[in-house]
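Protein chains in written order, with our numbering: chain A, 1 to 365; chain B, 366 to 730; chain C, 731 to 1095; chain D, 1096 to 1460.
Ideal placement from N, C-alpha and C gives every residue a C-beta, glycine not left out.
Predicted model only: the values in this text are computed from it and were never measured.
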């Protein structure tokens, strides 16, 4: 029997599960602007937020307006979320740089579609560089989570808010159009499991007993600006130390280690199974956090694996982080599709077989 | 005697030299919005463009408006430029992704200031990642040039227009506030040395004899979107093959190779001289193109050098490209300052001496 | 003893009283953008709306964004308010025309300042024409209320919402900077006295049992557009018949009738008292609704009065409506100050004395 | 034989004739944004402005951006034009108030369509109030011209620029969709007949010999703001004295005087002819300037005519100015159609016959 204090199980689309999770995670404000393939997030919230009095859900005039409203709400201490897809996320780059500098928590959701440009509406992972290296100006980072199931669309909302608030920095869920549309069974935590009080630093009006809280991203004197950067870098250092997350499947005895995140990881898992059936020892390392990247885990795998294959729905972006982690000790190859096209497990298998053949050249007879 | 067909020599500020170069390079339209430390570009153009009838110089409503006007002008076949600094460039990320996808040439100028956020107005190199990996969404690249002198502020305007038009892709000059304000003697080419006709693909009104020209970044069918991506990737491949540029100073016998661009390279050159005076064999490899990165040249240097030091005015961004080029064959260290602060040659020298000491540990006595 | 069901008496500034009244009147959403002399409205609502859960108070990106959010909220059936001053109200003219055409209720507050242009921040009545004849395009009208006390700043919020919703058309409170800043004692009705359910026409999601609700201001076929105009004109006819309101002070025996609204009426009342002390029979007719203008009341007064003096804080705008009402039967004069300047009662008295002298020329001796 | 110094005769659409006239009148800059039924203006200028080097023609990001560019260009002394239809003109109201206050000349073209709201694209005269009483905030006026033929679409461009510059105030051409689309033969003056130098007050960069030119609409001190208003009102007084223009047809012996402008006047002229054929003495008074309204001419006509009929393509707007001019001496009736509908001459004739019958009741037999 389901009660208010237990998880609820439902069959849901990824976008809707994410929206429902946000309501259950105590989100206080959402600002957004519609764009395929994530408009269901706004629609679901518009429909269901009245069940959670005090939750503001607003379709802003533009993505630019929306991200600046997020800045304002976050500065006032609210738990706040925004979602969009590639073009909309690009319009938010100034705002994200401002928020990172001002140390404001918020959850940014990018349900990726094929780009560049206005592009297409099919799934993609083409915004990896933008997400993990900062598409905005200056030295800053987002915490980037890469869900690979509808359940993780839910879990990463909770994790994203939690990490964002613990480190006072924006976090991003980097999903894609397929995860957004896919239906799977999900366990939804009850409301109230992620406590949230008004943070001490929030600009909520100065009472007599304390000094003024100031939220800002401008530091006219370069010495002060450098100090702020040192604060940020020290924080990013702690994040790199403590927060990398990944999933490893059969990597212990693997000669070939696939590295893939999100939707690509689902395809790779199937390809791995097919390869194992053919006697090829393949493992899968799936980064769950893209920033901090699980460098240590990849480096460890490089001690036993003979070679790496990175699979992405783009022209090869995360592969640079894999190569930086492997640091020349093993070859790192790449395969991928672009512009909304998704490789089949068989396409990945063919690439695996070709790599396996090179590892064990056929004896000359 | 100076005539219309010879170079003219003047003492100029970097921003003004860049603006004058744009007029002489036959720029037909400029759109921008003021931001320190590059407002002189717009001011100079507003004052002097009337000397070049038919040149449109317009302060738009916002950076967002400006980049979309650039899209329009470029689509109509005009030679067009835009300039800004960090926050303004971040606002252009959607537009840049659209232009890259639509294969439109234009020259983007980023006179970097300290970030992230609204930041400060002192020089910085904090926008490296944004520039070279694409701050916008999707798989695209900008050609990125890194001037290190006022003369290169001029030369890179010509080079930037030329490469941009040859490859039909936006190019960027990644300068900084110090280069923009610095006065040096420059040779200015006469007007007319960089010919420009209306390109065949431009949307200038369809005459009877040809099919319609269409400029677009939307490809609803993912198969078409992938085709467009393959066209782009093939082009980036050609750029990577043919266009990397760098300057090498005393790298032949260097044990320690400094890698630095722009303002940091000027500081490193001085530090190199100081180190050489102390008998430390230091060389300098200065990337002139940041994309395409001079990977081959760095890899070559790794064959003879013992170690690398990357110096940047940021928290360490280009150092990843140096490490990817060195690919684990040699250690790659980093030093830098942030937020508008600039390291002195002595600071860099101290780091060099520390590295040299590690290379040649003092004999135990 | 004050209970929840009785009026509360407080000493308040006009802007704050208006804001508190909005909360008590059950306003569900407020969108605005700061501008002197009415920023206290937004500030008061931001501070106190959390006491009324479910009330959205949002500072939008611009006045343009704000009015379009008002359109959206009103279309969804919410009781919604927006406030600004001259320049901001001008930016809303497109939106107001759209709302009038789409028959959407909302309360618009203009706390007037001296214009035209960016102007000054002192009180003015220079936006009369804009308010009563429609500053936007096409044949439409706003219901316009002109408070003359802090108490009316409260009462007109209730009246404004009520009329707006009864006639499904935007209503405006045309106040001024002095009323906004002035402190007076006010009686505040308890919350809940102005019931509001979701209107049947609101776009709240179509249930099975009814046809789709459509809110729109576009009618491509001119026949349909004319039909919509006839619906609007019929409504304005009913408003003209039923809703004109004015206050008459000592008009019964008056030779000279002053006509003035808002702040100017307060000054005129004092001038009237001074004139009466001097034996000049002066009355005051104060329009409370500017649209519908109390034409009938002015026409009646013209049957007994000898002459009219319109006093406004502008160059003479309402005077046209007085002349249209008097229709040539009596002379109608005008006096006023502009640009934030306010005439003193003595200035008005001097004008009255000059007019009285002309009515009763001194006997030749 | 046509030479460069003679008028050229062409068959042209109203919108194109207006655009060609602007080029011949020496317009230096045009900013706009497309909207039916006047997009041909922008299109014609985009196509033909390259024949006039130095003429800037720019499609801005929005009407808001466009009007602020007009402000800038006018402040710099350029002869500048902008065109739109109802919704776009409403978006410009803040800008127009700023320009009027700052005393900047420019030519605003409103090719009216049916409103209010997004409305329809058929011709209308529903923006009369907005045009003549100032849709923006504060006491200001536009000079408003009402063409009634394609030839006047040309002539009013020259007249509009001339009056605007003589009085340093924005002028407006209030046309409509029918005039914009209608083709008629026009005489086009040669280029160069309307001289234009840079005005002494323009902000073109301060040379040593004079004080700084400042263009502004902000006057913080109300005394200064009132002074500026007095300057404006004195100017409007001169305009009211010197610039009213109208056309009178057969008004000398007319019992019934029709008052109509623009397209409605063309219909009325036909109705007048039909009525004259039936022996009804009808005349037509066509205001050519709507502000200044030809009050004197209407008042004169009221001395001989028995009654007035105002015909407009709206719900009755100019009729108020006719009534103010007639001042109760004669009855003033109104007939019109709305929302893009246009009355036929027969409809007007029917109304005339009904009025004539009332003037001369049939003898009882």
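Pairwise C-alpha distance: residue j and residue i
i: residue 331 of chain A; j: residue 12 of chain A; result: 40 Å
i: residue 774 of chain C; j: residue 936 of chain C; result: 36 Å
i: residue 88 of chain A; j: residue 1363 of chain D; result: 54 Å
i: residue 734 of chain B; j: residue 1068 of chain C; result: The structure shown has nothing for residue 734 of chain B, since chain B only spans 366 to 730.
i: residue 154 of chain A; j: residue 664 of chain B; result: 45 Å
i: residue 541 of chain B; j: residue 547 of chain B; result: 10 Å
i: residue 413 of chain B; j: residue 1141 of chain D; result: 24 Å
i: residue 472 of chain B; j: residue 429 of chain B; result: 16 Å
i: residue 125 of chain A; j: residue 575 of chain B; result: 38 Å
i: residue 751 of chain C; j: residue 924 of chain C; result: 11 Å
i: residue 515 of chain B; j: residue 656 of chain B; result: 21 Å
i: residue 1299 of chain D; j: residue 1124 of chain D; result: 15 Å
i: residue 1170 of chain D; j: residue 1266 of chain D; result: 15 Å
i: residue 619 of chain B; j: residue 645 of chain B; result: 8 Å
Start-to-end residues for the beta strand (DSSP E) that takes in residue i
i: residue 264 of chain A; result: Looking at the DSSP string, residue 264 of chain A is not in any beta strand (DSSP E); the run it does join, the alpha helix (DSSP H), is 262 to 277.
i: residue 375 of chain B; result: 373 to 378
i: residue 1379 of chain D; result: 1377 to 1382
i: residue 698 of chain B; result: 697 to 701
C-beta neighbour in chain A for residue i, strict 9 Å
i: residue 860 of chain C; result: no
i: residue 467 of chain B; result: yes
i: residue 764 of chain C; result: no
i: residue 500 of chain B; result: yes
i: residue 711 of chain B; result: no
Chain D contact for residue i (CB, 9 Å cutoff)
i: residue 954 of chain C; result: yes
i: residue 870 of chain C; result: yes
i: residue 949 of chain C; result: yes
CB contact check: residue i to chain C, cutoff 9 Å
i: residue 1433 of chain D; result: yes
i: residue 1215 of chain D; result: yes
Element boundaries [alpha helix (DSSP H), containing residue i]
i: residue 1032 of chain C; result: 1025 to 1034
i: residue 394 of chain B; result: No alpha helix (DSSP H) contains residue 394 of chain B, which is instead part of the beta strand (DSSP E) from 394 to 397.
i: residue 465 of chain B; result: 458 to 467
i: residue 110 of chain A; result: That residue, residue 110 of chain A, is in no alpha helix (DSSP H); its beta strand (DSSP E) goes 106 to 112.
Chain B contact for residue i (CB, 9 Å cutoff)
i: residue 1148 of chain D; result: yes
i: residue 1296 of chain D; result: no
i: residue 87 of chain A; result: yes
i: residue 280 of chain A; result: no
Checklist entry - What residues from the segment 1150 to 1178 of chain D come within 8 Å of chain B, judged by C-beta to C-beta, listed N to C? => result Here the close residues are 1151, 1153, 1154, 1155, 1156, 1157, 1159, 1160, 1163, 1164, 1167.
Item to check | Segments of 4+ residues assigned as alpha helix (DSSP H) that fall wholly inside the segment 904 to 982 of chain C | outcome: Look at the segment 904 to 982 of chain C and you find these whole runs of alpha helix (DSSP H), each 4 residues long or longer: 907 to 911, 952 to 972.
Item to check | Members of the segment 319 to 336 of chain A near chain B, C-beta cut-off 7 Å | outcome: If the cut-off is 7 Å between Cβ atoms, the segment 319 to 336 of chain A has 320, 323, 324, 327, 328, 329 near chain B.
Next on the checklist: Which residues of the segment 204 to 216 of chain A have a Cβ closer than 9 Å to any Cβ of chain C? Give them in chain order.
Outcome noted: 205: these are the residues of the segment 204 to 216 of chain A whose beta carbon lies less than 9 Å from some beta carbon of chain C, given in chain order.
Checklist entry - Residues in the segment 388 to 414 of chain B with C-beta within 8 Å of chain D's C-beta atoms, listed in sequence order? => result Answer set for the segment 388 to 414 of chain B: 412.
Checklist entry - Looking at chain C, which residues of the segment 1321 to 1345 of chain D have a Cβ within less than 9 Å of any of its Cβ atoms? => result Cβ contacts with chain C: 1321, 1322, 1323, 1324, 1325, 1327, 1328, 1331.
Next on the checklist: Can you pull out the residues from the segment 669 to 681 of chain B whose beta carbon lies closer than 9 Å to at least one beta carbon of chain A?
Outcome noted: Those residues of the segment 669 to 681 of chain B that come within reach of chain A (Cβ to Cβ, closer than 9 Å) are 679, 680, 681.
Item to check | Contact list for the segment 821 to 848 of chain C against chain D, Cβ threshold 7 Å | outcome: Taking 7 Å as the Cβ-Cβ cut-off against chain D, the residues of the segment 821 to 848 of chain C that qualify are 821, 823, 824, 827, 828, 830, 831, 832, 844, 845, 846, 847, 848.
Checklist entry - When you check each C-beta in the segment 253 to 276 of chain A against every C-beta of chain B, which residues fall closer than 7 Å? => result If you check each beta-carbon in the segment 253 to 276 of chain A against every beta-carbon of chain B, none falls closer than 7 Å.
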